[in-house]
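Undergrad:
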Amino acid sequence: MIAKRLFDRGVRPWRYVAGDYLDAVVSARVPLGGPVPKTPWSPGLAEAMREHRVAVHEGSVLALVLDDLNR
3 MIAKRLFDRG VRPWRYVAGD YLDAVVSARV PLGGPVPKTP WSPGLAEAMR EHRVAVHEGS
63 VLALVLDDLN R
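Under the working numbering, read the sequence shown as residues 3 to 73, first letter to last.
1. Check whether the Cβ atoms of His54 and Tyr18 lie closer than 9 Å to each other.
2. Determine, using beta carbons only, whether Trp43 and Arg7 come nearer to each other than 9 Å.
3. Excluding the 5 residues flanking Ser29 on each side, which residues of the same chain have their C-beta closer than 8 Å to its C-beta?
4. Excluding the 5 residues flanking Pro33 on each side, which residues of the same chain have their C-beta closer than 8 Å to its C-beta?
5. Near Pro39, which residues of its chain fall below 8 Å by C-beta distance, leaving aside the five closest residues on each side in sequence?
6. How many whole angstroms separate the CB atoms of Ala50 and Ala26, which I take to be in contact at a CB cut-off of 8 Å?
7. When you compare each of Trp16, Thr41, Asp10 to Asp69 by their alpha carbons, which one comes out closest?
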């Protein structure tokens with residue numbers, strides 16, 4: 003997982019924690035394939051992903067990210 007590799011190199015994910023996933027999962031339609039990796043920056047994220055089994059793609063939260071960047 004790209005996010006895990008970045009985290010291991012000191013990058014701290016933004017908009018990539020359990021709460022963000024749970025907010026976006028209501029509109030997600032793509033099944034999550036494969037095993038869910040550990041998410042040490044947000045342990046609840048992996049648990050939520052295993053429970054809901056849907057992928058949240060960047061494009062589906064683009065408005066939130068752009069709003070963050072505009073602040």
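Even glycine gets a Cβ: it sits at the ideal position worked out from N, Cα and C.
TA: Inspection of the coordinates gives the following:
1. Locating residue 54 in the sequence shown gives position 52, counting from the first residue. Locating residue 18 in the sequence shown gives position 16, counting from the first residue. No Cβ-Cβ contact shorter than 9 Å links His54 with Tyr18.
2. Translated into the one-based positions of the sequence shown, residue 43 becomes position 41. Translated into the one-based positions of the sequence shown, residue 7 becomes position 5. Against a cut-off of 9 Å, the Cβ pair of Arg7 and Trp43 comes out as no contact.
3. On the sequence shown, position 27 is the one that residue 29 refers to. Only residues of its own chain outside the window of five on either side were considered, and among them Ser62 have a CB closer than 8 Å to the CB of Ser29, listed in chain order.
4. Start at 1 with the first residue of the sequence shown, and residue 33 comes out as number 31. Arg55, Val56, Ala57.
5. Residue mapping note: residue 39 aligns to position 37 of the sequence shown, counting from 1. These residues qualify, in order along the chain: Met3, Lys6, Ala48.
6. Position 48 of the sequence shown holds residue 50. Position 24 of the sequence shown holds residue 26. Ala50 to Ala26, Cβ: 10 Å. No contact.
7. What you label residue 69 is simply residue 67 of the sequence shown in a count that begins at 1. Measuring from the Cα of Asp69, the nearest candidate turns out to be Trp16.
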